[in-house]
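Residue numbers (my numbering), protein chains in the order written: chain B, 71 to 180; chain G, 0 to 117.
The beta-carbon is built from N, C-alpha and C at its ideal position, and this holds for glycine as well.
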């Protein structure tokens with residue numbers, strides 16, 4: 071059983087559509103991070119959410135941390151082909167150890 | 000500034016051979032992480048160092064894997080002997096761990112080494 075469950079695993083949409091990706095757990099975390107990974111590259115940090123109920127916006131991306139700090143969502147408005155990539159959520163489980171979800175592979179078709 | 004540097008970018012070897020992956024972290028960072036990424040298991044932490052000292056190696060699959068960090072600017076991950084199931088992309092990441100910080104530090108990933116063991 072994965073500590074962090076991401077859904078959906080795969081998502082293929084048309085340019086201009088909206089989408090939401092979910093990251094769920096039964097554990098409580100002090101913080102949660104979202105990364106994006108493009109083919110042939112390492113993951114790049116998008117945001118860190120710390121406070122329960124926190125909402126952070128990064129241009130067309132909106133990140134929310136659940137009130138109980140067990141789950142998070144990533145919403146993309148008017149998706150563009152440049153948003154294509156693997157989206158990973160990650161949580162610190164002990165010390166500096168990060169545990170990653172399995173990821174959501176997003177494809178935005180022009 | 001240069002990011003995390005990994006070499007080689009691609010490695011193809013035969014089962015039983017020794018493989019050494021190399022990493023140069025970002026200057027000034029005091030934590031270094033080795034990850035493995037596969038389709039089946041996703042991104043898994045193998046080991047991490049803080050101030051050149053191994054802190055958590057519980058993710059190292061077995062004795063065939065070893066990692067060293069002789070100084071703040073260099074780390075190696077060695078597999079001996081290699082097996083086909085070791086085929087994966089291996090990432091190195093570094094971060095600056097500030098004492099007393101409540102949330103996770105930003106980890107900066109290298110481009111990865113794609114390892115294929117035949």
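Check the C-beta distance from residue i over to residue j and give it rounded, since I have them as a contact under 8 Å.
i	j	result
residue 75 of chain G	residue 87 of chain G	17 Å between Cβ atoms; not a contact.
residue 149 of chain B	residue 87 of chain B	6 Å
residue 99 of chain B	residue 162 of chain B	7 Å
residue 42 of chain G	residue 58 of chain G	Incorrect: roughly 11 Å between the Cβ atoms, too far for contact.
residue 180 of chain B	residue 151 of chain B	5 Å
Considering only the alpha carbon of each residue, which of the options lies closest to residue i?
i	options	result
residue 48 of chain G	G/22, G/80, G/8	G/22
residue 11 of chain G	G/104, G/81, G/110, G/92	G/81
residue 144 of chain B	B/137, B/99, B/116	B/116
residue 52 of chain G	G/32, G/63, G/15	G/32
residue 25 of chain G	G/15, G/64, G/73, G/6	G/73
residue 170 of chain B	G/61, G/96, G/37	G/37
residue 15 of chain G	G/83, G/60, G/112	G/83
residue 77 of chain B	B/153, B/154, B/85, B/141	B/141
residue 113 of chain G	G/68, G/1, G/35	G/35
residue 40 of chain G	G/89, G/13, G/29	G/89
residue 68 of chain G	G/111, G/61, G/20, G/60	G/20
CA-CA distance, residue i and residue j?
i	j	result
residue 122 of chain B	residue 116 of chain G	44 Å
residue 106 of chain G	residue 71 of chain G	16 Å
residue 167 of chain B	residue 55 of chain G	8 Å
residue 85 of chain G	residue 160 of chain B	23 Å
residue 113 of chain B	residue 9 of chain G	18 Å
residue 94 of chain B	residue 18 of chain G	37 Å
residue 80 of chain B	residue 93 of chain G	29 Å
residue 3 of chain G	residue 109 of chain G	5 Å
residue 92 of chain B	residue 177 of chain B	16 Å
residue 102 of chain B	residue 78 of chain G	32 Å
residue 129 of chain B	residue 63 of chain G	45 Å
residue 97 of chain G	residue 75 of chain B	29 Å
residue 135 of chain B	residue 105 of chain B	15 Å
residue 89 of chain B	residue 154 of chain B	12 Å
Quick one: what does DSSP say residue i is sitting in, helix, strand or coil?
i	result
residue 113 of chain G	strand
residue 151 of chain B	helix
residue 56 of chain G	coil
residue 80 of chain G	coil
residue 141 of chain B	strand
Q.
Can you pull out the residues from the region 30-48 of chain G whose beta carbon lies closer than 9 Å to at least one beta carbon of chain B?
A. Flagged, chain order: 30, 32, 34, 36, 40, 41, 42, 43, 44, 47.
* Asked: Taking Cβ-Cβ distances below 7 Å as the criterion, which residues of the region 142-161 of chain B are in contact with chain G?
  -> Correct list: 158.
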